[in-house]
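Read through the structure below, which is laid out as structure tokens, and then see the notes.
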């Protein structure tokens with residue numbers, strides 16, 4: 010297990026830490042615990058994940074609060 | 002008249018559908034009490050008139066946000082005759098979430114599957130009959146871009162808006178039991194309306210997962226992915242979102258400004274000509290206070306401000322093209338790291354870029370920023386970005402005083418505003434808005450070919466709404482300046498005022514220079530014409546006083562159009578704050594530059 014800011018490829022979201030506001034915004038875009046997402050870009054700046062065919066950019070600080078496991 | 006509401010996720014083509022349906026009768030305003038845009042329009046089909054309300058684009062009804070608040074209040078209080086839920090056929094898995102929320106709210110929406118043509122291209126095969134059965138909802142597949150399915154949609158709206166359909170959709174038995182138990186509890190507490198929705202809100206953690214589980218089931222049953230179509234989007238993203246992707250920004254932004262100013266230039270001249278002729282015509286009726294007020298104050302003043310309307314219009318068009326094509330939503334991603342270093346969120350990059358063209362749409366664009374503090378800061382600093390209206394002043398002074406320093410001053414001119422904006426942000430972050438800027442959570446939509454027809458219509462309504470809002474303040478400002486300089490500058494209040502005010506400036510400007518600054522409040526371009534008229538060719542500037550004057554004009558006071566926009570976006574308090582700070586900063590920097598230059602012997 011690792012946090013999202015270190016992940017690449019297909020991962021499963023285990024737990025989202027962080028405040029209510031951040032969790033809600035992630036939920037809105039389909040990023041919930043248990044869902045499998047694909048980290049398509051993780052080099053500089055925000056991380057890009059693909060979730061349900063949709064690309065979402067997530068700030069590094071927020072990604073640090075998302076625990077994932079290789080899927 | 003029947004009332005129908007359009008609801009859907011951002012970027013599904015909801016607004017395009019809105020303009021396709023409503024044609025002419027459109028009104029753009031704000032929802033009561035908030036700066037969330039409200040679009041309403043009317044169309045006729047058969048014997049019935051339909052009022053269409055375009056709700057803000059949102060991913061879900063449950064998050065905390067103005068958009069959500071507006072949507073929920075509207076849906077539960079106004080109870081439209083039909084809710085039309087627009088979905089993007091290429092990302093059904095995301096869009097159905099909102100649909101399930103509507104069902105929990107007791108609303109049985111008509112589903113509109115937009116972009117079916119694109120889904121087909123990408124090899125996505127949707128079994129619509131099956132989807133209908135799974136959700137117990139009516140579905141119309143359309144393509145707004147290709148004008149397909151719109152007649153069928155109108156027919157369906159016509160039919161469904163006359164009947165009430167009960168919601169018939171259930172989660173798993175286990176979850177339904179929990180919901181029913183909660184509903185009983187709520188009943189006992191005395192709640193009467195929207196019980197199911199309230200219950201699902203209280204059971205949020207369970208329900209969110211259940212909804213996504215349900216969606217996955219439905220998508221697995223109804224959607225087949227055949228061959229993987231060749232995806233240009235991926236290719237574009239490979240380049241644009243790469244490490245050096247921001248280099249692509251330079252030509253894109255350059256083209257945007259080039260288009261805006263080259264296309265609008267002849268129109269600007271044309272509008273000035275019309276207003277000048279009108280003013281001359283009015284004066285031909287005689288010469289008394291009222292006639293002169295009308296000709297010189299109202300017509301000329303308003304004309305000057307309106308002559309920047311073409312710029313605004315073409316800027317809106319350029320922006321809409323970049324927005325719709327999918328390039329703009331990616332800019333915050335590219336610039337996020339840099340922006341955060343200077344205390345701003347990634348989203349603030351868009352308003353600041355636009356402000357280089359014109360501060361008015363720049364301030365308007367701060368709406369993309371979700372966090373209120375972040376948004377207020379960005380709006381406050383936007384007027385420091387040198388808009389193109391300040392270019393004539395610059396050109397004028399260079400030609401007169403600083404020919405040999407042109408290149409250096411050009412860079413100075415463009416960077417000074419930005420440096421001041423950054424410095425001010427850092428100070429505000431230290432003193433008032435202490436929490437760090439919000440990190441981005443940002444959807445990167447598919448690239449699209451923009452629909453020019455729709456963009457033009459959208460722009461027209463937007464410009465009209467701006468005119469409507471700004472006309473009062475522009476009119477009042479023009480009249481005020483006229484009265485201040487009545488009957489002629491040498492014998493007017495402004496001469497008197499200019500004399501007093503010039504005492505406050507250590508830069509050695511005489512009353513004529515100071516009075517021109519008052520004119521500049523209406524529109525910065527006016528400073529040049531005012532200086533020319535008042536000095537009649539013999540200018541009273543030294544090198545130091547001229548350069549400090551130039552700096553002052555670049556920084557002080559957002560023009561009235563910007564001020565009125567600031568007021569409507571962030572309220573009077575912050576608008577006045579921005580105004581006050583800009584004058585203060587302009588005064589300080591200009592004085593320092595003057596003193597340094599004087600000390601250096603210029």
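Chains as they are written, first to last, in this note's numbering: chain A, 10 to 80; chain B, 2 to 603.
A virtual CB, placed ideally from N, CA and C, is assigned to each residue, including glycine.
Given the structure is predicted, the values throughout are model-derived calculations rather than measurements.
- The beta carbon of residue 9(B) sits no closer than 7 Å to any beta carbon of chain A.
- Within the region 474 to 558 of chain B, the runs of alpha helix (DSSP H) at least 4 residues long that lie entirely inside it are, in chain order, 494 to 503, 512 to 521, 527 to 536, 544 to 556.
- If you look at residue 41(A), you'll find it isn't in any beta strand (DSSP E); DSSP assigns it neither H nor E.
- Minimum Cα-Cα distance from residue 118(B) among the listed residues 145(B), 100(B), 97(B) corresponds to 145(B).
- Look at residue 246(B): its C-beta is not under 7 Å from any C-beta on chain A.
- Residues of the same chain with a CB within less than 8 Å of the CB of residue 197(B), apart from the 5 flanking positions on each side, are 105, 106, 107, 180, 184 in chain order.
- As DSSP reads the structure, residue 444(B) sits in a beta bridge with 65(A).
- Residue 115(B): not part of any alpha helix (DSSP H); member of the beta strand (DSSP E) spanning 111 to 115, first to last residue.
- When rounded, the separation of the alpha-carbon atoms in residue 406(B) and residue 602(B) is 17 Å.
- Under the DSSP assignment, residue 90(B) falls outside any beta strand (DSSP E); it carries neither an H nor an E label.
- Apart from sequence neighbours up to five positions away, the residues of its chain that approach residue 365(B) with a beta-carbon distance below 7 Å are 566, 570, ordered along the chain.
- Scanning the region 188 to 240 of chain B for uninterrupted alpha helix (DSSP H) segments of 4 residues or longer gives 196 to 203, 205 to 223, listed from N- to C-terminal end.
- Per DSSP, residue 48(B) lies in no beta strand (DSSP E) and is assigned neither H nor E.
- With a threshold of 16 other beta carbon atoms within 10 Å, residue 499(B) meets it and is buried.
- The three-state secondary structure of residue 155(B), taken from DSSP, is helix.
- Judged by their CB atoms, residue 89(B) and residue 47(B) are not nearer to each other than the 7 Å cut-off.
- Boundaries of the alpha helix (DSSP H) around residue 319(B): 310 to 326.
- Residue 66(A) belongs to the set of residues whose beta carbon lies under 7 Å from a beta carbon in chain B.
- DSSP lists 149(B) as the beta-bridge partner residues of residue 144(B).
- For chain B, the residues of the region 24 to 51 of chain A that bring a beta carbon within less than 9 Å of one of its beta carbons are 29, 30, 31, 33, 34, 35, 36, 37, 38, 39, 40, 41, 42, 43, 44, 49, 50, in chain order.
- Under the criterion of beta carbons closer than 8 Å, residue 356(B) and residue 383(B) qualify as touching, at roughly 5 Å.
- A straight-line Cα-Cα distance of about 31 Å links residue 109(B) and residue 456(B).
- If you draw a straight line from the Cα of residue 128(B) to the Cα of residue 224(B), it comes to about 6 Å.
- Sequence-distant partners of residue 552(B) (beyond 5 residues in either direction) whose C-beta falls short of 8 Å from its own C-beta, in its chain, are 417, 587, 590, 591, 594.
- The DSSP-derived three-state label of residue 52(A) is coil.
- Taken through DSSP and simplified to helix, strand or coil, residue 12(A) comes out as strand.
- Contact of residue 175(B) with chain A by beta-carbon distance below 7 Å is absent, the smallest such distance being about 16 Å.
- Residue environment: residue 308(B) is assigned as buried (16 or more neighbouring CB atoms within 10 Å of its CB, all protein chains considered).
- For residue 561(B), the enclosing alpha helix (DSSP H) starts and ends at 561 to 600.
- The residues 341, 344, 345, 346, 375, in chain order, have a CB closer than 7 Å to that of residue 438(B) in the same chain once the five nearest residues on each side in sequence are set aside.
- Within the region 433 to 455 of chain B, the residues whose Cβ lies closer than 7 Å to any Cβ of chain A are, in chain order, 440, 441, 442, 443, 444, 445.
- Residue contact with chain B for residue 21(A): absent (no Cβ-Cβ distance below 7 Å to any residue of chain B).
- Its chain contains 394, 517, 518, 520, 521, 554 as the residues whose beta carbon lies nearer than 8 Å to that of residue 528(B), once the 5 sequence neighbours on both sides are disregarded; these appear in chain order.
- The beta carbon of residue 497(B) sits no closer than 7 Å to any beta carbon of chain A.
- When DSSP reads this structure, residue 41(B) sits in a beta bridge with 28(B), 54(B).
- Under the DSSP assignment, residue 3(B) falls in the beta strand (DSSP E) whose first and last residues are 3 to 9.
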